[in-house]
Amino acid sequence: MHKPLLDVLKGGKAASPPIWMMRQAGRYLPEYRATREQAGSFLNLCFNPELAAEVTLQPLRRFGFDGAILFSDILVLPHALGQTVAFEAGEGPRLDPLVDASGLSRLAHALDEAIVGKVYEAVARIHEQLPAGTTFIGFCGAPWTVATYMVAGKGGDDQVAARLFAYRDPEGFSRLIDIIVEASITYLLGQIRAGVDAVQIFDTWAGVLPADEFRRWCVEPIGRIVAGVKAAAPGIPVIVFPKGAGLRLEAVVNGTGADAVGLDWTADAGFVASAIQPKVAVQGNVDPIALLAGGEALDRAVDTTLEAFGRGRLIFNLGHGILPPTPIAHVERMVARVRNWKA
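All the letters of the sequence shown, read from the start, carry residue numbers 531 to 873 under the numbering used here.
This is the structure:
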């Protein structure tokens, strides 16, 4: 079965770029909100294979996307390593923070199969129900981004806690990164065995680091994950999304072995088209605020991405996740505009 998105990841081009959205299963959809209510909590939804499969498939029924991404969360991994994780309504994730290297002793040496097994079961269910021609994407968080939550115990604007840990005790922080790298390889391979076609590594907080730290904590660990996945599953493409990387996208491409890179909405189109897209597929990069705005602003944003990258290997997407207040009609307008465009 031909899968247009998978074909682009593996080196092909498409006259009309394949399309999906980050966070495409989410609160902007009434059917998602109803299923979330049924689950009772976000984590219950993540760990209920039947309901996780349902919300993964919901946006495909509405919009006919070329990609389905597993409904889960990057913090499943620290939870499966024994760190307490909870999601507080209106406040986001809360973890028992690892303030220094002494906290590493609280982490397990292997992922809890009772936890990740629920994710793998959801993958298998989705794989069975996936529409023909749809590429199924699994994922994990990048070691740096996951570490920022594990250290601080919550999200934050500049990830001070993790940056302090890394500066004050680079050897201890390196041990934490090593734990996350090995667990991430195991976790992604489990998803691959259960049925995903490709995987994405989310480095949401890559942009807060200076150049040397970026190489040490973002590029090198991601490269190890990509190598570990490809050694065991050589046919599975890997997408890396380093939000805020800017011109350092080139270091990501050259240093990780990724098959595609995700672009946020601040990426320089000329630089990407000349230095990045000839080497790998690119994915992105409409501003989620433009999608929220709709109308002519959305049309301009869509056209800008298509004109900049559509003649090369492009997977059309947003520059980050869709925002909960986004009207469904705006998504429909965006999808129709992409479908009608031809290189």
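A virtual CB, placed ideally from N, CA and C, is assigned to each residue, including glycine. Computed from a prediction, not measured in an experiment: that's the story for all the values here.
(request) Please confirm whether W795 and H850 have their CB atoms less than 9 Å apart. (result) By 1-based counting over the sequence shown, the position of residue 795 is 265. By 1-based counting over the sequence shown, the position of residue 850 is 320. Going by C-beta atoms, W795 is nearer than 9 Å to H850.
(message) Between the alpha carbons of L573 and D789, how many angstroms are there, rounded?
(response) Residue numbering aside, residue 573 sits at position 43 when the sequence shown is read from its first letter. Residue numbering aside, residue 789 sits at position 259 when the sequence shown is read from its first letter. Rounded to the nearest angstrom, the two C-alpha atoms are 31 Å apart.
(request) Return helix, strand or coil for P808, following the three-state DSSP convention. (result) The sequence position of residue 808 within the sequence shown is 278, counting from 1. Coil, per DSSP.
(message) Just to confirm the assignment, what range does the alpha helix (DSSP H) spanning L844 have?
(response) Stepping through the sequence shown from its first residue, residue 844 is reached at position 314. Careful: L844 lies outside any alpha helix (DSSP H), inside the beta strand (DSSP E) at L844 to L848.
(message) Distance check for D596 and A631, CA to CA, integer angstroms please.
(response) The sequence position of residue 631 within the sequence shown is 101, counting from 1. The sequence position of residue 596 within the sequence shown is 66, counting from 1. A631 and D596: Cα-Cα distance of roughly 43 Å.
(message) Does the structure place the segment 600-610 close enough to the segment 644-662 that three or more beta carbon pairs sit under 8 Å?
(response) yes
(message) Please classify E584 as buried or exposed, where buried requires at least 16 neighbouring CB atoms within 10 angstroms.
(response) Residue mapping note: residue 584 aligns to position 54 of the sequence shown, counting from 1. Answer is buried; the Cβ neighbour count reaches 16.
(request) Pick helix, strand or coil for F839, following the three-state DSSP scheme. (result) Your numbering for residue 839 matches position 309 in the sequence shown. F839 falls in the helix class under three-state DSSP.
(message) Please give me, in chain order, every unbroken run of the alpha helix (DSSP H) with length at least 4 that falls completely inside the segment 639-670.
(response) 643-659
(message) With the cut-off set at 9 Å, would you say V605 and L641 are in Cβ contact?
(response) By 1-based counting over the sequence shown, the position of residue 605 is 75. By 1-based counting over the sequence shown, the position of residue 641 is 111. With the sequence shown as reference, residue 605 is identified as Leu, and Val is not the correct amino acid for it. For L605 and L641, no; Cβs fall outside 9 Å.
(request) Report all residues from its chain with a CB closer than 8 Å to the CB of M760; omit the five preceding and five following residues, and keep chain order. (result) Working through the sequence shown from its first residue, we reach residue 760 at position 230. Per the sequence shown, the amino acid found at residue 760 is Lys instead of Met. The residues are I766, V768 and G787.
(request) Look at the Cβ atom of V791, then the Cβ atom of Q813, and state whether they are nearer than 9 Å. (result) Sequence index remark: in the sequence shown, residue 791 carries index 261 (1-based). Sequence index remark: in the sequence shown, residue 813 carries index 283 (1-based). Contact: yes.
(request) With a floor of 4 residues, list each alpha helix (DSSP H) that falls wholly inside the segment 571-640, ordered by position along the chain. (result) 572-576, 579-593 and 606-610
(request) State the DSSP-derived secondary structure class of I769, mapped to helix, strand or coil. (result) Here the question's residue 769 lines up with position 239 in the sequence shown. Three-state DSSP puts I769 in a strand.
(message) I'd like the ranges of any alpha helix (DSSP H) spanning at least 4 consecutive residues and lying wholly in the segment 751-803.
(response) 779-786
(message) Classify A555: buried if its beta carbon has 16 or more other beta carbons within 10 angstroms, exposed otherwise.
(response) Here residue 555 refers to the residue found at position 25 when the sequence shown is read from its first residue. Answer is buried; the Cβ neighbour count reaches 16.
(request) Find out if the Cβ-Cβ distance for the pair V756, I731 is shorter than 9 Å. (result) Within the sequence shown, numbered from 1, the residue matching residue 756 stands at position 226. Within the sequence shown, numbered from 1, the residue matching residue 731 stands at position 201. The answer is yes: Cβ separation under 9 Å.
(message) Just verifying my parser: in three-state terms, what is the DSSP assignment at G825?
(response) Here residue 825 corresponds to residue number 295 of the sequence shown, with the count starting at 1. Correct three-state label for G825: helix.
(request) Might you give, ordered along the chain, the residues of its own chain that have their beta carbon closer than 7 Å to the beta carbon of T734, omitting 5 neighbours on each side? (result) In the sequence shown, residue 734 corresponds to position 204, counting from 1. Only T675 and K773 meet the Cβ criterion.
(message) Based on DSSP bridge pairs, tell me the residues matched to D733.
(response) Looking up residue 733 in the sequence shown gives position 203. BP columns for D733 point to P772.
(request) Report all residues from its chain with a CB closer than 6 Å to the CB of A827; omit the five preceding and five following residues, and keep chain order. (result) In the sequence shown, residue 827 corresponds to position 297, counting from 1. Excluding sequence neighbours, A827 sits near A820.
(request) Would you kindly check if the distance between the Cβ of I549 and the Cβ of N870 is under 9 Å? (result) As a position in the sequence shown, residue 870 is number 340, starting the count at 1. As a position in the sequence shown, residue 549 is number 19, starting the count at 1. In this structure, I549 does not lie closer than 9 Å to N870 by Cβ.
(request) With DSSP as the reference, label I509 as helix, strand or coil. (result) Since the displayed the chain opens at 531 and closes at 873, residue 509 lies outside it and no answer follows.
(request) Name the residue from V538, A831 and A616 whose alpha carbon lies nearest to the alpha carbon of M680. (result) The sequence position of residue 680 within the sequence shown is 150, counting from 1. It is A616 whose Cα lies nearest to the Cα of M680.
(message) Quick check on the DSSP output: the alpha helix (DSSP H) that includes P534 runs from which residue to which?
(response) Here the question's residue 534 lines up with position 4 in the sequence shown. Here the alpha helix (DSSP H) through P534 covers P534 to L539.
(message) Measuring only the C-alpha atoms, how far is A763 from G825?
(response) Here residue 763 refers to the residue found at position 233 when the sequence shown is read from its first residue. Here residue 825 refers to the residue found at position 295 when the sequence shown is read from its first residue. About 43 Å.
(message) Quick check on D817: buried or exposed, where buried means 16 or more other Cβ atoms within 10 Å of its Cβ?
(response) The sequence position of residue 817 within the sequence shown is 287, counting from 1. D817 should be labelled buried.
(message) Please state the DSSP three-state secondary structure of G720.
(response) In the sequence shown, residue 720 corresponds to position 190, counting from 1. Note: G720 maps to helix in three-state DSSP.
(message) Between the alpha carbons of R867 and D829, how many angstroms are there, rounded?
(response) Walking along the sequence shown from the start, residue 867 turns up at place 337. Walking along the sequence shown from the start, residue 829 turns up at place 299. Approximately 8 Å between the Cα atoms of the pair.
(request) Let me know if I667 comes out buried or exposed under the rule of 16 or more other beta-carbons within 10 Å of its beta-carbon. (result) Here residue 667 refers to the residue found at position 137 when the sequence shown is read from its first residue. Per the 10 Å Cβ criterion, buried.
(request) Could you pull out every residue in the same chain whose Cβ sits closer than 8 Å to the Cβ of M531, ignoring the five residues on either side in sequence? (result) For the purposes of this step, residue 531 is taken as residue 1 along the sequence shown, with counting starting at 1. The residues are A662 and G663.
(request) Take the Cβ of K809 as the centre, count every other Cβ of all protein chains shown within 10 Å, and call the residue buried at 16 or more, exposed below. (result) Locating residue 809 in the sequence shown gives position 279, counting from the first residue. Label assigned to K809: exposed.
(request) Could you tell me the boundaries of the alpha helix (DSSP H) in which R557 lies? (result) Taking the first residue of the sequence shown as 1, we reach residue 557 at position 27. It is not in any alpha helix (DSSP H) - R557 carries neither H nor E in the DSSP assignment.
(request) Please name the residue, chosen from G720, I656, A677 and K684, that lies closest to R705 on a Cα-to-Cα basis. (result) Residue 705 sits at position 175 when you count from the first residue of the sequence shown. The option with the nearest alpha carbon to R705 is A677.
(request) Tell me V816's beta-bridge partners as DSSP assigns them. (result) The count along the sequence shown starts at 1 and reaches residue 816 at position 286. V816 pairs with L848.
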